[in-house]
Amino acid sequence: MRLHDLSTTALRGVTRNRSRALLTMLGIIIGVGAVVLMTSVGKSMESVILGQISALGPKTIALWPGKNGPEMGAATLNPDFDSIKLSDVEALKRLRTVSNIAPGIFIEGKTTYGTEETDTRVMGASPEAYTNQVVTIAEGRLHDAQDEFDGRFVAVLGPDTARDLFYNQSPIGKRISIGNHKYTVIGVLEPVGTQFFQNADERVVIPFETARIVSGRTYVDMVSMQSTEDPADAIDDIQWLLRRRHKIVPPATGASTDNDDFLVRSSAQAQEILSTVSISLTVFITMIAAISLVVGGIGIMNIMLVAVTERTREIGLRKALGAQGRDILLQFLIEAVTLTFLGGLVGLIGGLGVNALIVAIATRFLERYIFAVNPIAIVAALLMAAGTGLAFGIYPARKASRLNPIEALRYE
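If you want it as structure tokens, here you go:
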């Protein structure tokens, strides 16, 4: 028989019992849909985070107290929250491999103006922090070295904070309260959106020296800087300096740095970590999808065996009329592949649809979140679906092709 005739016959067999065919395809639909959805969401998030990291520049380096970085900022959770002293910051300024040293202190307290109140991230930072984070001013000015030297009580607002407190009014020159102190607003930043899952537009920046005076701190919450040479060499110098100052025994070559009471990372290292996580996530998703496809494949095989039993007389009649065993084999294989491929298409459409819904919701919180699709993952998922039909359809197809036509015609 011609391939066209076999395909037509196979498609007729698939659509003979549509409810059963749909239930049979369910495992394939879930498997392919999961692959498409998770890889698309992963690619979207990767593009968001990579965009945020690249905006910092390839030579940006960040230093945090403790072993776990910014996610362990609370003193109750991080026993080394005060490990980076002001004297350490001054020592860092003497290194030749780094520049633009910008210490930072986070301050707790409500930000208010009149009867308006908002929760914001208040950070005391030196002027160099603006260069390290690549921010631009929308209105007014950024605080400068003179503000630092004088310890002035001035503040630069993120656009969301300015809107929440002042609505459509210009905040420049107005006095806001943070905790028990008043600050004069001197500038408003341009919107930058979400950075590392925090809304950077809700921040308030005050001079570092002012924050130090208000908090009475002798330690800092973070330090950002720029490497003047290879970032890896700069990190080596930072680690050497802080270990010597903190009396930490240096680890052997390639050994763990668990004894360190600080964490230092470059933007390039952050990109490498993200790539590693992305690869691990892809492998994990592939394993889940493979399990789902195997379960779906077993369902396909069982239904095809039932179909062979139900159509025994039909198979016997076709053989009696001249159909060869390979024709029967090919017909049932086409049916199995058609079931899995259609399931793959439904899963693909469903995965893309859910992804579009996620994008519509996520863009309200992540301005740079985009609809991203991994074409390789889509093609691979459809090929895996078709391959599943081929692998699990071969046994029922061979069983059908080997039926004796005389015994098949006698089957009741």
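Residues in the sequence shown are numbered from 19 upward in steps of one, following my numbering.
Where a beta carbon is used, it is the ideal one built from N, C-alpha and C, also for glycine.
All figures in this text were calculated on a predicted structure; none of them were measured in a lab.
In terms of alpha-carbon separation, which member of the options lies closest to residue i?
i           : options               : result
residue 395 : 297, 192, 338 and 313 : 297
residue 414 : 280, 350 and 103      : 350
residue 397 : 366, 409 and 424      : 366
residue 133 : 193, 225, 217 and 331 : 193
residue 265 : 254, 421 and 277      : 277
residue 282 : 53, 58 and 85         : 85
residue 47  : 312, 379 and 376      : 312
residue 103 : 303, 279 and 310      : 279
residue 421 : 291, 109 and 331      : 331
residue 378 : 52, 59, 54 and 45     : 59
residue 368 : 143, 54 and 419       : 54
residue 4   : 201, 200 and 218      : The displayed coordinates of the chain run from 19 to 430. Any statement about residue 4 would go beyond what the structure contains.
residue 407 : 419, 317 and 220      : 317
residue 232 : 126, 335 and 80       : 126
residue 149 : 292, 236, 198 and 243 : 243
residue 427 : 338, 295 and 401      : 338
residue 391 : 400, 373, 405 and 404 : 373
residue 57  : 306, 405 and 424      : 306
residue 171 : 183, 424 and 195      : 195
residue 45  : 326, 342 and 308      : 308
residue 99  : 315, 114, 292 and 235 : 235
residue 334 : 197, 425 and 220      : 425
residue 201 : 142, 50 and 342       : 142
residue 289 : 160, 51, 50 and 64    : 64
residue 405 : 423, 419, 393 and 360 : 360
residue 101 : 327, 241 and 295      : 241
residue 402 : 370, 323, 343 and 304 : 304
residue 399 : 51, 263, 322 and 153  : 51
residue 124 : 321, 237 and 341      : 237
residue 284 : 198, 145 and 257      : 257
residue 423 : 340, 210 and 320      : 340
residue 189 : 175, 319 and 122      : 175
residue 251 : 302, 321, 77 and 62   : 77
residue 327 : 419, 314, 40 and 158  : 419
Which residue comes first and which comes last in the beta strand (DSSP E) that contains residue i?
i           : result
residue 142 : 139-143
residue 125 : 116-125
residue 281 : 280-284
residue 156 : 155-158
residue 194 : 193-196
residue 79  : 78-83
residue 113 : Careful: residue 113 lies outside any beta strand (DSSP E) and carries neither H nor E.
residue 204 : 199-207
Assign residue i to one of two classes, buried (16 or more other C-beta atoms within 10 Å of its C-beta) or exposed (fewer than that).
i           : result
residue 82  : buried
residue 187 : exposed
residue 151 : buried
residue 185 : exposed
residue 239 : buried
residue 108 : exposed
residue 37  : exposed
residue 267 : exposed
residue 118 : buried
residue 249 : buried
residue 347 : buried
residue 411 : buried
residue 42  : buried
residue 111 : exposed
residue 344 : exposed
residue 371 : exposed
residue 329 : buried
residue 93  : Because residue 93 sits at a pLDDT of 41, beneath the cut-off of 50, its placement in the model cannot be relied upon, and the following sentence gives the value as read from the coordinates. Classification of residue 93: exposed, given that the 10 Å Cβ count is below 16.
residue 336 : buried
residue 358 : buried
Over the uninterrupted alpha helix (DSSP H) stretch that includes residue i, give me the two end residues.
i           : result
residue 221 : Run containing residue 221: none in the alpha helix (DSSP H); it sits in the beta strand (DSSP E), 221-225.
residue 218 : Unbroken run through residue 218: none, as it is neither H nor E.
residue 181 : 177-184
residue 399 : 393-419
residue 105 : 104-110
residue 334 : 330-338
residue 148 : 146-151
residue 166 : 163-168
residue 257 : 249-263
Just checking my contact of residue i with residue j at CB under 8 Å: how many whole Å lie between their CB atoms?
i           : j           : result
residue 155 : residue 205 : 5 Å
residue 173 : residue 147 : With 8 Å as the limit, residue 173 and residue 147 do not qualify as a contact, their Cβ atoms being about 14 Å apart.
residue 130 : residue 222 : About 11 Å; that fails the 8 Å criterion.
residue 246 : residue 115 : 6 Å
residue 79  : residue 291 : Their Cβ separation, rounded to whole angstroms, is 14 Å, which puts residue 79 and residue 291 out of contact at 8 Å.
residue 106 : residue 263 : 6 Å
residue 259 : residue 113 : 7 Å
residue 310 : residue 49  : 3 Å
**Request:** Check whether the stretch 335-354 touches the stretch 403-420, taking contact to mean three or more Cβ pairs, one atom from each stretch, closer than 8 Å.
**Result:** Verdict: yes, contact present.
**Item:** Sufficient close CB pairs (3 or more, under 8 Å) joining the stretch 160-179 to the stretch 127-141
**Value:** Verdict: yes, contact present.
**Asked** Is it a yes or a no for the stretch 162-171 touching the stretch 220-230, going by three-plus beta-carbon pairs under 8 Å?
**Response** The answer is yes - the stretch 220-230 touches the stretch 162-171, with three or more Cβ pairs under 8 Å.
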